[in-house]
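A short write-up of the structure that comes next.
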Amino acid sequence: ETGVTQSPTHLIKTRGQQVTLRCSSQSGHNTVSWYQQALGQGPQFIFQYYREEENGRGNFPPRFSGLQFPNYSSELNVNALELDDSALYLCASRPRQGATGYTFGSGTRLTVV
Amino acid sequence: AQRVTQPEKLLSVFKGAPVELKCNYSYSGSPELFWYVQYSRQRLQLLLRHISRESIKGFTADLNKGETSFHLKKPFAQEEDSAMYYCALSTLGFGNEKLTFGTGTRLTIIP
Numbered sequence: 001e002t003g004v005t006q007s008p009t010h011l012i013k014t015r016g017q018q019v020t021l022r023c024s025s026q027s028g029h030n031t032v033s034w035y036q037q038a039l040g041q042g043p044q045f046i047f048q049y050y051r052e053e054e055n056g057r058g059n060f061p062p063r064f065s066g067l068q069f070p071n072y073s074s075e076l077n078v079n080a081l082e083l084d085d086s087a088l089y090l091c092a093s094r095p096r097q098g099a100t101g102y103t104f105g106s107g108t109r110l111t112v113v
Numbered sequence: 001a002q003r004v005t006q007p008e009k010l011l012s013v014f015k016g017a018p019v020e021l022k023c024n025y026s027y028s029g030s031p032e033l034f035w036y037v038q039y040s041r042q043r044l045q046l047l048l049r050h051i052s053r054e055s056i057k058g059f060t061a062d063l064n065k066g067e068t069s070f071h072l073k074k075p076f077a078q079e080e081d082s083a084m085y086y087c088a089l090s091t092l093g094f095g096n097e098k099l100t101f102g103t104g105t106r107l108t109i110i111p
């Protein structure tokens with residue numbers, strides 16, 4: 001059984017650029033969530049996907065968007081990057097709608113310069 | 001809106017001493033509470049869930065709805081307990097499922 005894998009592990013982008021982060025959920029997990037963890041803070045919920053549709057969204061602007069694919073993998077896209085977007089982005093998956101017990105990936109460290 | 005508060009950013013405890021990491025929450029519904037742990041250079045992982053009422057690695061946590069608390073406790077600290085600990089609250093319901101995390105407590109066990 002593989003866990004949650006994220007790519008890339010590190011990324012440096014320039015302000016105003018766009019970025020795509022990727023996540024492969026754990027085998028058998030069909031619900032994927034994305035979190036942003038700024039330095040010294042706890043993870044903050046961005047959004048969640050279930051059956052390829054957004055199912056819940058946190059307090060993030062529309063330039064944060066995502067996708068979920070039929071194999072349950074997911075992407076997080078951020079447009080018009082700002083310096084404050086620099087953070088660790090975590091992907092988490094769990095088995096089914098309504099079940100709890102998320103498995104987290106190691107994250108992608110995004111630095112915006 | 002839901003909120004999780006961990007009042008201590010840093011906590012140092014001697015090996016063998018009792019440990020208590022504090023967590024308070026606010027949520028109008030019926031919450032599910034978790035403790036997550038992140039050891040050095042490792043990913044965030046689930047330590048325990050209140051609904052399971054289990055003890056993991058000697059840690060326990062009891063949900064106190066009257067005090068809206070979910071403190072994490074261990075009677076005798078071990079060096080391998082040094083890590084970052086996050087308390088989290090889960091809200092369920094279609095379109096509103098998410099984990100709300102506290103800011104975390106870094107626990108250091110002094111040999």
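Line order of the protein sequences matches chains U and H. Mapping to our numbering: the first sequence position 110 is 110, numbers consecutive. Mapping to our numbering: the second sequence position 9 is 9, numbers consecutive. We treat Cβ as the ideally placed atom computed from N, Cα and C, and that holds for glycine.
- Taking 7 Å as the cut-off between beta carbons, none of the residues of the region 3–15 of chain U comes near chain H.
- Where U/Thr-2 is concerned, there is no enclosing beta strand (DSSP E), because DSSP gives it neither an H nor an E.
- Linking U/Val-19 to H/Thr-5 through their CA atoms gives a straight-line distance of about 32 Å.
- The Cβ atoms of H/Phe-70 and H/Leu-33 sit closer than 8 Å to each other.
- Approximately 6 Å separates the beta-carbon atoms of U/Phe-47 and U/Glu-54; this is inside 8 Å, confirming the contact.
- Between the alpha carbons of H/Leu-11 and H/Glu-80 lies a gap of roughly 14 Å.
- A residue is called buried when at least 16 other Cβ atoms come within 10 angstroms of its Cβ; U/Thr-103 meets this threshold and is buried.
- With a cutoff of 8 Å on beta-carbon distance, H/Thr-100 and U/Phe-45 are scored as near each other.
- Contacts with chain H at 8 Å (Cβ-Cβ) do not include U/Leu-83.
- Around the Cβ of U/Val-112, a 10 Å sphere holds 16 or more other Cβ atoms; the residue is buried.
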